[in-house]
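Report on the following structure.
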Amino acid sequence: DTAVSQTPKYLVTQMGNDKSIKCEQNLGHDTMYWYKQDSKKFLKIMFSYNNKELIINETVPNRFSPKSPDKAHLNLHINSLELGDSAVYFCASSLDGNEQFFGPGTRLTVL
Amino acid sequence: GEDVEQSLFLSVREGDSSVINCTYTDSSSTYLYWYKQEPGAGLQLLTYIFSNMDMKQDQRLTVLLNKKDKHLSLRIADTQTGDSAIYFCAETPRGYQKVTFGIGTKLQVIP
Numbered sequence: 004d005t006a007v008s009q010t011p012k013y014l015v016t017q018m019g020n021d022k023s024i025k026c027e028q029n030l031g032h033d034t035m036y037w038y039k040q041d042s043k044k045f046l047k048i049m050f051s052y053n054n055k056e057l058i059i060n061e062t063v064p065n066r067f068s069p070k071s072p073d074k075a076h077l078n079l080h081i082n083s084l085e086l087g088d089s090a091v092y093f094c095a096s097s098l099d100g101n102e103q104f105f106g107p108g109t110r111l112t113v114l
Numbered sequence: 007g008e009d010v011e012q013s014l015f016l017s018v019r020e021g022d023s024s025v026i027n028c029t030y031t032d033s034s035s036t037y038l039y040w041y042k043q044e045p046g047a048g049l050q051l052l053t054y055i056f057s058n059m060d061m062k063q064d065q066r067l068t069v070l071l072n073k074k075d076k077h078l079s080l081r082i083a084d085t086q087t088g089d090s091a092i093y094f095c096a097e098t099p100r101g102y103q104k105v106t107f108g109i110g111t112k113l114q115v116i117p
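One line per chain: the protein sequences are A and B, in this order. In terms of this note's numbering, the first sequence opens at residue 4 and continues consecutively. In terms of this note's numbering, the second sequence opens at residue 7 and continues consecutively.
Next up, the structure:
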């Protein structure tokens with residue numbers, strides 16, 4: 004009955020690799036988001052998709068590419084991982100852009 | 007979090023009331039939120055208030071909004087050890103479909 008789920012929960016990888024994080028919501032929401040939370044707990048939006056269309060892209064490096072195969076899924080692909088990419092990445096979804104429901108997070112560690 | 011400010015840390019004794027404060031800068035914000043993040047977990051929406059309201063109460067939680075001073079507070083009555091977490095203040099500026107978060111206030115409840 005999980006509303007917003009992410010996989011994997013933990014991801015440890017070497018610098019330079021390419022990795023993906025998956026997100027799925029079963030709430031029937033039209034809008035999905037990716038947030039990055041750094042080591043100081045600062046939470047910042049990266050992307051937002053509405054009905055599979057990109058509506059927010061907040062000065063994120065080109066190495067990050069979101070992909071939305073359908074409105075229930077928003078995956079995040081990261082190329083050429085760097086040390087600074089280490090963070091917790093949260094997916095969220097919303098019906099109207101206001102009340103957002105968050106996934107449990109994916110802790111990415113780049114070595 | 008450059009538009010939403012919070013103090014970083016608050017310590018209270020179990021059974022006392024906690025008051026977490028937040029200052030936001032966008033006077034046109036439509037929704038203001040309080041999220042809770044327990045260690046190693048995702049964000050949980052605790053409560054939110056519309057910008058045309060002054061107060062909202064939900065069991066032990068009371069949200070006060072002072073629009074003139076752009077000040078939002080969360081009061082937790084009879085604070086319990088389970089309330090120990092990081093509390094994020096957030097806003098949705100009018101016309102945007104994103105939520106801007108504060109830096110988070112870490113609440114420590116002493117038994």
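For glycine and all other residues, C-beta sits at the position ideal for the given N, C-alpha and C. For clarity, every value in this text was computed on a predicted model and none was experimentally measured.
The alpha-carbon separation between B:Ser-34 and A:Asn-101 amounts to approximately 14 angstroms. For A:Leu-46, the chain B residues whose C-beta falls within less than 7 angstroms of its own C-beta are Phe-94, Phe-107, listed in chain order.
With respect to A:His-76, A:Ser-23 sits apart: the two C-beta atoms are not nearer than 7 angstroms. By the Cβ test, the segment 73-89 of chain B is in contact with the segment 20-29 of chain B, since at least three Cβ pairs between them sit closer than 8 angstroms. Among the CB atoms of chain B, none fall inside 7 angstroms of the CB of A:Gln-28. Close partners of A:Ser-89 in chain B (Cβ separation under 8 angstroms) are lacking, with about 16 angstroms as the shortest Cβ gap. B:Thr-31 has no beta-bridge partner at all, per DSSP.
Taking 7 angstroms as the cut-off, the beta carbon of A:Asp-41 is found closer than this to the beta carbon of A:Ala-90. Annotation for A:Glu-56: the continuous beta strand (DSSP E) segment containing it runs 56-60. Counting the other CB atoms within 10 Å of its CB gives A:Pro-11 a total below 16, which places it among the exposed residues. Look at the beta carbons and you see the segment 92-108 of chain A touching the segment 25-34 of chain A: at least three pairs across the two are nearer than 8 angstroms. Around the Cβ of B:Ile-116, a 10 Å sphere holds fewer than 16 other Cβ atoms; the residue is exposed.
Taking a contact as a CB-CB distance under 8 angstroms, the pair B:Gly-108 and A:Phe-105 does not count as one, their CB atoms being some 16 angstroms apart. Residue contact with chain B for A:Pro-107: present (Cβ-Cβ distance below 7 angstroms to some residue of chain B).
Contact of B:Tyr-54 with chain A by beta-carbon distance below 9 angstroms involves Asn-101, Glu-102.
The Cβ atoms of A:Ile-59 and A:Ser-51 sit closer than 7 angstroms to each other. Unbroken alpha helix (DSSP H) runs of no fewer than 4 residues, entirely contained in the segment 59-91 of chain A, are not found.
Residues of chain A whose Cβ lies closer than 7 angstroms to the Cβ of B:Tyr-37 are, in chain order, Asn-101.
Comparing alpha-carbon positions, the option among B:Asp-22, B:Trp-40, B:Leu-14 lying closest to B:Phe-94 turns out to be B:Trp-40.
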